[in-house]
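>
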Amino acid sequence: MKKLKGNSQRLWKLKGKEGVALIFVIGIMLLLFIFASTLLFSFKLWEKSCYKTFAGKQAERFAEAGIENGIWELQHDKRDYDSLIDNWRKNFEGSDFDNNGDGIPDSRWIYIYGKDKEIIGRYSVLIEDESGKININVCGNLKNSFNEGFSTFEISILPDIIGEEISKNIVSFRYGKDGLPGRGGFDDNSNNDSLSKDKIDNDGDGKIDEPGEGIDEPYEFYVKKIYWDDRPYFIPEDIKLVNGIGKERYRKIKDFITTFSYDKNTTKEGKIRINLNKADFSQLYSFFKEKGYPEEQAIQISLNIIDYRDSDSIPQIKTVKGKLFIGIDKTTYLNEIDGIKEWEKFKLKSGGVLFTEKGGQFIEIFNPYPEEIDIGGWEIRGPTLLFSNLWGKIFQYSKQIYNDVINGETGIKNKDIIENIFITNVIKIPEGTKIPPFSYYTIGDTVKIGIIMIPNKTPLIIFLPIKDPPNASQYEPILGINKIFPDIIQSLNYFSKIPSSSRLFFCDKSGNIIEIADCPLDTPKTSIQKNDPRVFKWYISLPTPNMQNFIFSPWIGGFKNNNWPSSFKIKNGKFSSLGELSFIHKGRQWESIDFWKDGKDRKIIDYFTVEEDPYKPTYGRLNINTASETVLMCLPLVDKDIARRIIMARPYKDISEILGKYGNGYSEKELLNKEITKYGFDGKDNDFDGFSDCEKEKEMVFSKIINLITVRSNVFKIISTGQKVEDKNGNGKIEKEEILAEKKIVVFYDRDKGKIIYRKQM
Numbered sequence: 033m034k035k036l037k038g039n040s041q042r043l044w045k046l047k048g049k050e051g052v053a054l055i056f057v058i059g060i061m062l063l064l065f066i067f068a069s070t071l072l073f074s075f076k077l078w079e080k081s082c083y084k085t086f087a088g089k090q091a092e093r094f095a096e097a098g099i100e101n102g103i104w105e106l107q108h109d110k111r112d113y114d115s116l117i118d119n120w121r122k123n124f125e126g127s128d129f130d131n132n133g134d135g136i137p138d139s140r141w142i143y144i145y146g147k148d149k150e151i152i153g154r155y156s157v158l159i160e161d162e163s164g165k166i167n168i169n170v171c172g173n174l175k176n177s178f179n180e181g182f183s184t185f186e187i188s189i190l191p192d193i194i195g196e197e198i199s200k201n202i203v204s205f206r207y208g209k210d211g212l213p214g215r216g217g218f219d220d221n222s223n224n225d226s227l228s229k230d231k232i233d234n235d236g237d238g239k240i241d242e243p244g245e246g247i248d249e250p251y252e253f254y255v256k257k258i259y260w261d262d263r264p265y266f267i268p269e270d271i272k273l274v275n276g277i278g279k280e281r282y283r284k285i286k287d288f289i290t291t292f293s294y295d296k297n298t299t300k301e302g303k304i305r306i307n308l309n310k311a312d313f314s315q316l317y318s319f320f321k322e323k324g325y326p327e328e329q330a331i332q333i334s335l336n337i338i339d340y341r342d343s344d345s346i347p348q349i350k351t352v353k354g355k356l357f358i359g360i361d362k363t364t365y366l367n368e369i370d371g372i373k374e375w376e377k378f379k380l381k382s383g384g385v386l387f388t389e390k391g392g393q394f395i396e397i398f399n400p401y402p403e404e405i406d407i408g409g410w411e412i413r414g415p416t417l418l419f420s421n422l423w424g425k426i427f428q429y430s431k432q433i434y435n436d437v438i439n440g441e442t443g444i445k446n447k448d449i450i451e452n453i454f455i456t457n458v459i460k461i462p463e464g465t466k467i468p469p470f471s472y473y474t475i476g477d478t479v480k481i482g483i484i485m486i487p488n489k490t491p492l493i494i495f496l497p498i499k500d501p502p503n504a505s506q507y508e509p510i511l512g513i514n515k516i517f518p519d520i521i522q523s524l525n526y527f528s529k530i531p532s533s534s535r536l537f538f539c540d541k542s543g544n545i546i547e548i549a550d551c552p553l554d555t556p557k558t559s560i561q562k563n564d565p566r567v568f569k570w571y572i573s574l575p576t577p578n579m580q581n582f583i584f585s586p587w588i589g590g591f592k593n594n595n596w597p598s599s600f601k602i603k604n605g606k607f608s609s610l611g612e613l614s615f616i617h618k619g620r621q622w623e624s625i626d627f628w629k630d631g632k633d634r635k636i637i638d639y640f641t642v643e644e645d646p647y648k649p650t651y652g653r654l655n656i657n658t659a660s661e662t663v664l665m666c667l668p669l670v671d672k673d674i675a676r677r678i679i680m681a682r683p684y685k686d687i688s689e690i691l692g693k694y695g696n697g698y699s700e701k702e703l704l705n706k707e708i709t710k711y712g713f714d715g716k717d718n719d720f721d722g723f724s725d726c727e728k729e730k731e732m733v734f735s736k737i738i739n740l741i742t743v744r745s746n747v748f749k750i751i752s753t754g755q756k757v758e759d760k761n762g763n764g765k766i767e768k769e770e771i772l773a774e775k776k777i778v779v780f781y782d783r784d785k786g787k788i789i790y791r792k793q794m
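Each residue of the sequence shown is one higher than the one before, starting from 33 at the first, in the numbering used here.
1. Would you call the stretch 608 to 616 and the stretch 150 to 157 in contact, with 3 or more CB pairs under 8 Å?
2. How far does the beta strand (DSSP E) with Pro415 in it reach, from first residue to last?
3. Within 10 Å of its beta-carbon, does Ser608 have 16 or more other beta-carbons around it, so buried, or fewer, so exposed?
4. Identify which residue in Lys229, Ala91, Asn581, Lys460 has its Cα closest to the Cα of Thr558.
5. In chain order, what residues of the same chain have a beta carbon less than 7 Å from the beta carbon of Ile679, not counting five sequence neighbours either side?
6. Where does Val203 fall in DSSP's three states?
7. Within the same chain, show all residues whose beta-carbon is closer than 6 Å to that of Asp237, passing over the 5 residues directly before and after it, in chain order.
8. For Gly605, which three-state DSSP category applies?
9. Measuring straight from C-alpha to C-alpha, what distance separates Ser798 and Asp339?
10. Please report the distance separating the alpha-carbon of Arg744 from that of Gly605.
11. Hey, out of Gly408, Arg413, Gly440, whose CA is closest to Ser382's CA?
12. Can Tyr294 and Asn746 be called in contact, C-beta distance under 7 Å?
13. So which of Lys792, Ile789, Thr753, Asn761 has the shortest CA-CA distance to Gln90?
14. Give the straight-line distance between the Cα atoms of Tyr317 and Gly324, rounded to the nearest whole angstrom.
15. Quick one: measure Cβ to Cβ for Asp248 and Leu212, integer angstroms, because I've assumed they're closer than 8 Å.
16. What did DSSP end up calling Ile360 once you bin it into helix, strand or coil?
17. Within 10 angstroms of the Cβ of Gln561, are there 16 or more other Cβ atoms? Answer buried if so, exposed if not.
18. Which residues in the same chain as Ala330 place their Cβ atom closer than 7 Å to its Cβ, once the five residues preceding and following it in sequence are excluded?
19. With a CB to CB cut of under 8 Å and the five nearest residues on each side skipped, what residues in its chain are close to Pro137?
20. Grab the span of the beta strand (DSSP E) containing Asp782 for me, first residue to last.
21. How big is the Cα-Cα spacing for Ile189 and Ile690?
22. Can you tell me where the beta strand (DSSP E) holding Met579 begins and where it ends?
23. Strictly by DSSP, which residues pair up with Phe94?
24. Per the contact definition of three or more C-beta pairs closer than 8 Å, is the stretch 102 to 117 in contact with the stretch 773 to 789?
25. Going by DSSP, what residue range makes up the beta strand (DSSP E) through Glu368?
26. What does a CB cutoff of less than 8 Å around Lys284 pick up in its chain, not counting 5 residues either side in sequence?
27. If you pair each beta-carbon of the stretch 392 to 404 with each one of the stretch 646 to 666, do three or more pairs fall below 8 Å?
28. Could you tell me which residues DSSP puts in a beta bridge with Val157?
29. Is Glu729 buried or exposed, if buried means 16 or more other CB atoms sit within 10 Å of its CB?
30. Buried or exposed for Gln428, going by 16 or more other Cβ atoms inside 10 Å?
31. So who's on the other strand from Val567, going by DSSP bridges?
32. Alpha carbon to alpha carbon, what distance is there between Asn169 and Ile788?
33. Leaving out the 5 sequence neighbours to the left and right, which residues in its chain are closer than 8 Å to Leu36 when beta-carbon positions are compared?
34. Using the C-alpha atoms, what's the distance from Ile360 back to Lys122?
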């Protein structure tokens, strides 16, 4: 029994060891299984990860293909103008995909196929013109914008969406901690001297040429040359740093803003535009001749442009091919001349006959400008005047001779009269004389001639006192001879001293020629007078001393309701807008450069600029072919109605077409013209010059925006979304679950420089 018990114990010991071994083996096998399973799972996960990475890389390549396609379209597009119907936009348009995230599908899918014609990927492209957006580095002004149309700071920054306060926050942020462009109180760009006398409201505060105009003005912030603590926005997303721009506001404005837009000051032919404020006569004359203007008109317009902008009031004078031309400056004009009077005949009891002038001669000067003009010390050279220091005695002698003739005396001589009278040819206007706006200054006559004819005797000359016309401002002894009596005149040797020339020279106190008048022969009952005082052409009509000429007809130039004074403007300072060319007279009656109506002068607009340096780009101009309604309404005076008409009348081949087409029809161009000129037809004085519905009000919107717009663009935003797909069910359509990977690339491409200037991958 003991032996059996011991064997049993040994057996149990043996079995325990074998169980442990078995458990150990099973454990090892379990570990190997777990390891193998984990490894298999990892391999599977790695396979999926690699496939996803591979798919992502393919999606990225497809997106890159979209970018390259977009660049190709931009590079091969015509450069004369850019619009939303160009291939760079049209070839990618569709309703398949929303590329810019505004909730509206804007692009179509372009599919990529494998070797077996299966769909392996696709991409969609959206190209946005950055010149169709508000450039937050240049637009906006902290002060009240005066809206002269001179600079892109007059374009507001979406106040209808974010409000005036936040709009100004965007401006002040880029000016740094002091909130002023450049260094506060310092002339950073050294232009205060020139800006304080250029007749432009450079800082938009409503004041022109005030002291310090060039200090802390918007031009002291220049994105390419930063002063002091200014900080430009490098990319549009930087606007998120501005106080008040939260996530929701940014979402509302992100598609309307940019930091990249600029416009080159070039024509549609690619030539640098002419600086309207610096071009000399030769350059202007050659240009207008080249554009088909008649030679004499090209000369006159060129002189008038220079006189409009120069700081003096001395007309330009130019002799071309032997003919003299005088520019139009802010001066008064010779306006009416009555040099020949009727003769009255009186039979004398003694048998003689007395001839006397009926009334006196006069010369009228007109100031058609809205400012007072000082003509003190000015001279009219050429008229024949009598000069004497003994007029009292001369009048007394004349009366005595007359009485002697009446009493029948003979042998009378007028030697005492003749010897004390001399001929002169200068009328001098007294110092301090000023002509009020739209007023006249008439120089009347103090002497009338009497000729006593006695049978078989030499005619006697007497001089009688007169003051005619009675409302004259100054009186001089003007001598006028009625050539209708040549036999009498020829018998009087005294009158042989009178010059035969009928040319008058109107000169300022320094001797500068203001006007040369070649007066035609008048008749006894009329005067010679001008219609448009700026045109040196004379007409015969009824005398109207010291009042509006009988021949005065501004209506032929389209003026109504006595609003003709609105056309008389000489700035004597720089052009702030191309719209001011409408004040340039063309040398014909009441005809100035016209843009809004007939449009025959629009051909010159694209060739001029008021930019100081046309070789430098202008940042922030808006492309009227691509800007949205929201963006267009940021332009001065452009409301919703005008913005909509601008959009409906697209495309525009150059900026002059913004005025549409004048007519009574209902084409989009005609409707645009009616809308954009509406401030000249509403019966209101919209520009506060005292006159309503004048020509310049019809071009008011045009004048304020023409420097701020373009039709050519340089920088474009290209958004390309690429997808790696697998058409698993083979139906030729890609469902959501068949999209394996998606990549989006955004680049800003400068077509002019031919390079990508910013890139972002999402």
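Beta carbons: idealized from backbone N, C-alpha and C, even for Gly.
By the coordinates alone:
1. Verdict: no, contact absent.
2. It spans 411 to 419 - the beta strand (DSSP E) in which Pro415 sits, taken as one unbroken run.
3. Ser608 is classed as buried because its beta carbon has at least 16 other beta carbons within 10 Å across all chains shown.
4. Each of Lys229, Ala91, Asn581, Lys460 was checked against the Cα of Thr558, and the nearest Cα belongs to Asn581.
5. Cβ contact annotation for Ile679 (same chain, cutoff 7 Å, sequence separation greater than five): Glu661, in chain order.
6. In this structure, Val203 counts as helix in the three-state DSSP scheme.
7. Contacts found: Lys175.
8. If DSSP states are grouped into helix, strand and coil, Gly605 belongs with coil.
9. In this structure the chain extends from 33 to 794, so residue 798 is not present and cannot be described.
10. Approximately 30 Å between the Cα atoms of the pair.
11. Of the residues Gly408, Arg413, Gly440, the one whose Cα lies closest to the Cα of Ser382 is Gly440.
12. Cβ atoms of Tyr294 and Asn746: closer than 7 Å.
13. Gln90 has its Cα closest to that of Thr753, out of Lys792, Ile789, Thr753, Asn761.
14. Cα to Cα, Tyr317 sits roughly 11 Å from Gly324.
15. Going by Cβ atoms, the distance from Asp248 to Leu212 rounds to 5 Å, so yes, they are a contact pair.
16. Reduced to three states, the DSSP call for Ile360 is coil.
17. Under the 10 Å beta carbon count, Gln561 is surrounded by 16 or more other beta carbons and is classified as buried.
18. The beta carbon of Ala330 lies closer than 7 Å to those of Tyr317, Phe320, Lys321 in the same chain, with the five residues before and after it left out.
19. Contacts found: Gly126, Ser127, Asp128, Phe129, Asp130.
20. Per DSSP, Asp782 belongs to the beta strand (DSSP E) from 771 to 782.
21. Computed Cα separation, rounded: 22 Å.
22. Careful: Met579 lies outside any beta strand (DSSP E) and carries neither H nor E.
23. According to DSSP, which records beta bridges pairwise, Phe94 is partnered with nothing at all.
24. Remark: three or more beta-carbon pairs, one from each stretch, lie closer than 8 Å, so the stretch 773 to 789 and the stretch 102 to 117 are flagged as touching.
25. First-last of the beta strand (DSSP E) with Glu368: 365 to 370.
26. Hits under 8 Å: Ile193, Ile194.
27. Under the three-pair Cβ rule at 8 Å, the stretch 392 to 404 does not count as touching the stretch 646 to 666.
28. Looking at the DSSP assignment, Val157 forms a beta bridge with Ser752.
29. With 16 or more other Cβ atoms from the protein chains shown falling within 10 Å of its own Cβ, Glu729 counts as buried.
30. With fewer than 16 other Cβ atoms within 10 Å, it is exposed.
31. Checking the DSSP bridge columns, you'll see Val567 has no partner listed.
32. About 20 Å.
33. Caution applies to Leu36, whose pLDDT of 49 falls short of 50 and renders its modelled position unreliable; the model cannot decide the point.
34. Distance between the alpha carbons of Lys122 and Ile360: 50 Å.
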